[in-house]
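Protein chains: 2
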Amino acid sequence: RARMAFVARALSRGASRRLASSSTSTTAPTPSSSRRASSVTEAATYATRGPAHEVLEMTTVPLPPMGPGDVRVRMLAAPVNPSDVNIIEGKYPLPRAVPGVGGNEGVGEVVAAGAACVGARVGDRVVPNRSYVDGTWRRDIVSACENFDVIDRDVPVHAAATLTVNPCTALRLLEDYDAREGETVVINAATSGVGRALLQIARTRGIRTIAMCRPREDARETEEVFESLRADGADVVLPDVEGKILRLDARTRELASRARVAYNAVGGYSAQTMLRLLQPNAGSRMVTYGGMSKQPLLVPTGAFIFKDITLSGFWLTRWLEHDATHNSSRGRRAMLDEICALIRSGALVVDAARFRD
Amino acid sequence: RARMAFVARALSRGASRRLASSSTSTTAPTPSSSRRASSVTEAATYATRGPAHEVLEMTTVPLPPMGPGDVRVRMLAAPVNPSDVNIIEGKYPLPRAVPGVGGNEGVGEVVAAGAACVGARVGDRVVPNRSYVDGTWRRDIVSACENFDVIDRDVPVHAAATLTVNPCTALRLLEDYDAREGETVVINAATSGVGRALLQIARTRGIRTIAMCRPREDARETEEVFESLRADGADVVLPDVEGKILRLDARTRELASRARVAYNAVGGYSAQTMLRLLQPNAGSRMVTYGGMSKQPLLVPTGAFIFKDITLSGFWLTRWLEHDATHNSSRGRRAMLDEICALIRSGALVVDAARFRD
């Protein structure tokens, strides 16, 4: 089993061949043999900033000696999030040292724990939290146990590996902006990891969803994608196309009449359509958490003055690092527990599970 | 004395001639003779929507019979606010009946008061509040006394006539968005009525100001305008020009380092410059209350996600009508009292005073 399969699959062909040949040429020690672990590990490293498929390579990196408050974690899976690639390119505003190890997410198993470790024990499955910054695309991690959260073993490995960014963002978007049962939220980029998690979590809360999604080139493929969004919980799927607003059917109009919150990950014309769907003078808000179109938002003055729409942004990193109320291990812990419970119940199927190998 | 001078001056030439000939052909009754007032009055009316200078004319309109809760107000002055013209054109989202009387601001004197009137007495100087919707461009008003606020007689007539929109907006902008002593606020359209009031009120509160203003065609004129803004309290005046951001001098950079609130009345490139001046990750906010450029705001995604800037709108009409906390006569009253006190102290010179005839 290729433990770094996510990395290998998501990187471009040349790099993935390099990574695959490196990772398969090494036999991973089993957890039981790792008490006398080596002081080095394999990792997907970059020595300079640039396109991930050009600068990444599998190398051996040193591990710090284990202190009494440290755990040694054997990684089980680590995904590639677009932001991981942007960080390697130097285009994402998160400080990461160069040379460095790629990756910010993943799941691992504790194979050794110092005497002073609180929370994590040998055999626990753990995910790194935002305090851990040394890269997850590696076989082993040695770091302070506070940098990890323990996750139930009955969460599938691939879901656990992608738990800490997309589903957490989806949960926060629904919780922090006052979306209520019976109301409608509007989302775009509905097929994204956050989008699909948001649709599924909204359904569990009785929150209706208008899901905007770009049509595919092939009509049949478009219908399949739209149908998959409805299966994830979208009450209505709107084709997200530039130009004049679509004629809305009665059901969509009725849903839009209770739309006070929109979650924007696209920008450009897509955000303009969302602004038109939001109810005026209802304290409506559009929260931007992504900008996939790379186009800025174009907002007519009247949306602010006469429609009383507020525009703001959400960044999970900020929530974790700066929100005084929530930035306790308890707040983060409660969020992870809720998402794990949704996954165990089957209400939330994390996107990555579709790519299980 | 032309009592409707503001109206006459601000309208285009043809209409102003019409208005002037109408208003000067009528001798206004003095307050003492008005107890047996006529049941009609002169007014600047429009029978259809359209450009103000085409559709406005001086006509005689009926007055309702005075009830016990009514006052009869003899108007002393009524200004032309751009929004008055937009309302006549039908381009402003305030419901006003057609045919109707123009104008939403002004100051008058109570010449008769019903037995059940509370607050207003004969001889009081009053300004209409937002509950009064029948137009101020007229000689007399008969309406419920609750539709008026009493203003001290030592506030100059021309200042009193323009009290209820621009200075109130300026005060609310400073009060409601947490601008604090020692911090900097950024404004554009600095020579506008709101802009000049905001500069002067900010100065009384120890709030620093970066005032953005379009350069005039003539360099000497530009310097005179900029100097007048500095005289009104602007700590720095920035030429508001399209294109790359200006090189900021040390003083402006230092002021901008404490800028968390911007007040936008222009949109377009001006709003973009403001976004760049606001401090990132400081909970900064840009409040849009006007759109003089008629250009939408162009907001890069990163301003929301990575800089945590919130964009919202302010509309005094909404504050007066819908804000449950503030929409008491007490909240409005306190606001008027504060502005009158600033005018009496000389700290606030209301723009209209410059056009006194």
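Top line first, the protein sequences correspond to chains A and B. Here the first sequence is numbered in full-length UniProt numbering, starting from 1 and rising by one per residue. Here the second sequence is numbered in full-length UniProt numbering, starting from 1 and rising by one per residue. Just so you know, even glycine gets a beta-carbon here, dropped at the ideal spot from N, CA and C. Being a predicted model, the structure only gives us computed values, none of them experimental.
Per-residue contacts from residue i into chain B (C-beta, under 7 Å)
{"i": "Arg318/A", "result": "Asp308"}
{"i": "Ser312/A", "result": "Phe304 and Thr310"}
{"i": "Trp315/A", "result": "Ile305 and Phe306"}
{"i": "Thr169/A", "result": "Those within 7 Å of Thr169/A in chain B number zero; the least Cβ separation is about 11 Å."}
Element boundaries [beta strand (DSSP E), containing residue i]
{"i": "Pro82/B", "result": "First-last for Pro82/B: Pro82 to Glu89, but that is the alpha helix (DSSP H), not the beta strand (DSSP E)."}
{"i": "Ser312/B", "result": "Thr310 to Gly313"}
{"i": "Ile207/A", "result": "Per DSSP, Ile207/A belongs to no beta strand (DSSP E) and is neither H nor E."}
{"i": "Asp140/B", "result": "Asp140 to Ala144"}
{"i": "Glu57/A", "result": "Leu56 to Pro62"}
{"i": "Arg74/A", "result": "Asp70 to Ala77"}
{"i": "Thr136/A", "result": "Premise fails: Thr136/A is in no beta strand (DSSP E) and is neither H nor E."}
{"i": "Val349/B", "result": "Segment: none, Val349/B is in no beta strand (DSSP E) and carries neither H nor E."}
{"i": "Arg285/A", "result": "Arg285 to Thr288"}
{"i": "Glu109/A", "result": "Val107 to Ala113"}
CB of residue i within 8 Å of CB of residue j, strictly
{"i": "Thr288/B", "j": "Ile201/A", "result": "no"}
{"i": "Pro110/B", "j": "Val73/B", "result": "Looking at the sequence provided, one finds Val at residue 110/B rather than Pro. Cβ atoms of Val110/B and Val73/B: closer than 8 Å."}
{"i": "Ala256/A", "j": "Leu297/A", "result": "no"}
{"i": "Ala43/B", "j": "Gly106/B", "result": "no"}
{"i": "Ile207/A", "j": "Ala179/A", "result": "yes"}
{"i": "Asp249/A", "j": "Met212/A", "result": "no"}
{"i": "Leu278/A", "j": "Val186/A", "result": "yes"}
{"i": "Asp152/B", "j": "Cys340/B", "result": "yes"}
{"i": "Gly102/A", "j": "Leu76/A", "result": "no"}
{"i": "Leu275/B", "j": "Asp232/B", "result": "no"}
{"i": "Ala116/B", "j": "Pro68/B", "result": "yes"}
{"i": "Arg172/A", "j": "Phe314/A", "result": "yes"}
{"i": "Leu311/A", "j": "Leu342/B", "result": "no"}
{"i": "Arg333/B", "j": "Val155/B", "result": "no"}
{"i": "Arg260/B", "j": "Ser284/B", "result": "yes"}
{"i": "Leu348/A", "j": "Ala197/A", "result": "yes"}
{"i": "Leu63/B", "j": "Val142/B", "result": "yes"}
{"i": "residue 379/B", "j": "Pro215/B", "result": "With chain B represented from 1 up to 357, any question about residue 379/B goes unanswered, as that position is not in the structure."}
{"i": "Val194/A", "j": "Ala159/A", "result": "no"}
{"i": "Asn264/A", "j": "Asp308/A", "result": "no"}
Alpha helix (DSSP H) segment containing residue i, residue limits
{"i": "Ile305/B", "result": "Thr301 to Ile305"}
{"i": "Ala161/A", "result": "Val157 to Ala161"}
{"i": "Asp176/A", "result": "Asn166 to Asp176"}
{"i": "Thr222/B", "result": "Ala219 to Asp232"}
CB-CB length for residue i against residue j, believed under 8 Å
{"i": "Cys145/B", "j": "Val71/B", "result": "5 Å"}
{"i": "Arg49/B", "j": "Glu89/B", "result": "6 Å"}
{"i": "Leu238/B", "j": "Thr252/B", "result": "7 Å"}
{"i": "Asn166/B", "j": "Val266/B", "result": "Between Val266/B and Asn166/B the Cβ distance is about 16 Å, and since that is not below 8 Å, they are no contact."}
{"i": "Pro79/A", "j": "Ala161/A", "result": "5 Å"}
{"i": "Val55/B", "j": "Thr41/B", "result": "About 19 Å separates the two Cβ atoms, so there is no contact after all."}
{"i": "Thr45/B", "j": "Gly100/B", "result": "7 Å"}
{"i": "Thr317/A", "j": "Arg130/A", "result": "6 Å"}
{"i": "Val127/A", "j": "Thr184/A", "result": "Not confirmed; about 32 Å, so no contact."}
{"i": "Val85/B", "j": "Ala52/B", "result": "5 Å"}
{"i": "Met286/A", "j": "Ala262/A", "result": "4 Å"}
Counterpart residues of residue i in DSSP-defined beta bridges
{"i": "Gln295/A", "result": "Gly267/A"}
{"i": "Ile151/B", "result": "Arg125/B"}
{"i": "Ala256/B", "result": "Per DSSP, none; premise fails for Ala256/B."}
{"i": "Leu199/A", "result": "Its beta-bridge partners do not exist; DSSP assigns none."}
{"i": "Glu42/B", "result": "Thr60/B"}
{"i": "Pro239/A", "result": "Cys213/A"}
{"i": "Glu181/B", "result": "Paired residues: none, contrary to the question."}
{"i": "Val261/A", "result": "Val185/A and Arg285/A"}
{"i": "Gly100/A", "result": "Tyr46/A"}
Per-residue contacts from residue i into chain A (C-beta, under 7 Å)
{"i": "Leu298/B", "result": "Pro296 and Leu298"}
Closer than 8 Å to chain C by CB, residue i
{"i": "Pro93/B", "result": "Of the chains in the structure shown, none is chain C; the protein chains are A and B."}
Partners in chain B for residue i, counting only beta-carbon separations shorter than 8 Å
{"i": "Gly267/A", "result": "Thr301"}
Contacts that residue i makes with chain A (C-beta to C-beta distance below 8 Å)
{"i": "Thr288/B", "result": "Thr301, Phe304 and Ile305"}
Listed by chain order, chain B residues near residue i by CB distance under 9 Å
{"i": "Gly291/A", "result": "Pro300, Thr301, Gly302, Phe304 and Ile305"}
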